[in-house]
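A.B. asks: To start, I am sharing the structure in question, which I have written as structure tokens.
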Amino acid sequence: MQRLLLVALVAVAVLSGCGDDDETTPTETMTVKAYFLRDGQVSPVTREVEETGDDLTAAVNALRFGPTELEATLGLTTALPETQDTELPRLALAQLVYTLTQFSSTDSAEIDGVNYTRADFEDLTPAILVESPLSFEEVTSPLRATGTANTFEANFQYELTDTDGRIIAEDFVTATSGTGTRGTFEFSVPFEVDFDGVGSLIVFESSAKDGSRINLVEIPLRMKR
């Protein structure tokens, strides 16, 4: 298990700002996830960043700039302090650990001498954490969804709605584990829409007590024919 030492956010901020070359040259980009907060739990979004060979720095820099105005309308916030001499709150630690461990090269992060994994922040993780697709991503049929879940008996449901809010696909999903143990899931959803527009992937758990929808997450998507 590879460990990461994050001495301070300012370090990556400085790295990203190095260089005085004013010439504009074409650059290759890559997609990373930045984990913000929604309703007090981690919530990822995608960011297109310059591909420099340092994925970790790129991801933390994306996190450092916070959610966009559009993302803020969904309730996304950040707990990262603006100054580096402030002790990181636990919510900010969760954001950092999730952001740093999105890559296959590591599953832990060492921050201020303490080693963390995602499991250390289970209480700050949604019962159903969709990690793909993410808000405002463009999707075509079949939609492929992946993530992790910790639900009763590992089960949850999804609905895919079109621009008019009509349900065009729905089904049950069973993760690899549940009922106190977080598991992974993956499912594909073939769909047809009459025209391009914004729809939603909605995931939720049905309450064992009364059948009501709980742990609901709605992800707006740009759906393409």
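For the record, in the sequence shown the residue sitting at position 48 is 130 according to the numbering used here, with numbers rising by one throughout.
Ideal placement from N, C-alpha and C gives every residue a C-beta, glycine not left out.
(1) Taking all protein chains shown into account, do 16 or more other C-beta atoms lie within 10 angstroms of the C-beta of residue 281, making it buried, or fewer, making it exposed?
(2) Between residue 200 and residue 157, how many whole angstroms is the CB-CB distance? I'm expecting something under 8 Å.
(3) Among 234, 252, 269, which residue has its Cα nearest to the Cα of residue 291?
(4) Should residue 196 be labelled buried (16 or more other beta-carbon atoms within 10 Å of its own) or exposed?
(5) Is the CB-CB distance between residue 262 and residue 236 below 7 Å?
(6) Could you check if residue 289 is buried or exposed, using at least 16 other CB atoms within 10 Å of its CB as the buried criterion?
(7) Is it a yes or a no for the region 202-220 touching the region 292-306, going by three-plus beta-carbon pairs under 8 Å?
(8) Do the region 237-244 and the region 137-155 make contact, defined as three or more Cβ pairs closer than 8 Å?
(9) Rounded to whole angstroms, what's the CA-CA distance from residue 287 to residue 174? Just pull it up for me.
(10) Within the same chain, show all residues whose beta-carbon is closer than 8 Å to that of residue 123, passing over the 5 residues directly before and after it, in chain order.
(11) If the criterion is Cβ atoms closer than 7 Å, does the pair residue 277 and residue 242 meet it?
(12) Short of 8 Å in beta carbon distance, which residues of its chain neighbour residue 152, apart from the five on each side in sequence? Order them along the chain.
(13) Near residue 256, which residues of its chain fall below 6 Å by C-beta distance, leaving aside the five closest residues on each side in sequence?
(14) May I have the straight-line CA-CA distance separating residue 252 from residue 117, to the nearest angstrom?
(15) How about residue 264 and residue 228: do their beta carbons lie closer than 7 Å?
C.D. replies: So, from the listed chains and residues:
(1) Residue 281 is buried by the Cβ-count criterion.
(2) About 22 Å separates the CB atoms of residue 200 and residue 157; that is not less than 8 Å, and the two are not in contact.
(3) Closest by C-alpha distance to residue 291, out of 234, 252, 269, is 234.
(4) That one is exposed.
(5) No.
(6) Counting Cβ neighbours within 10 Å, residue 289 comes out exposed, since fewer than 16 surround it.
(7) The region 202-220 makes contact with the region 292-306; the number of CB pairs closer than 8 Å reaches 3 or more.
(8) The answer is no - the region 137-155 does not touch the region 237-244, with fewer than three Cβ pairs under 8 Å.
(9) When the Cα atoms are used, residue 287 and residue 174 turn out to be separated by approximately 27 Å.
(10) Apart from sequence neighbours up to five positions away, the residues of its chain that approach residue 123 with a beta-carbon distance below 8 Å are 206, 207, 208, ordered along the chain.
(11) Taking 7 Å as the Cβ cut-off, residue 277 and residue 242 do not qualify as a contacting pair.
(12) Answer for residue 152: 218, listed in chain order.
(13) So the qualifying residues of the chain are 236, 237.
(14) When the Cα atoms are used, residue 252 and residue 117 turn out to be separated by approximately 27 Å.
(15) Cβ atoms of residue 264 and residue 228: not closer than 7 Å.
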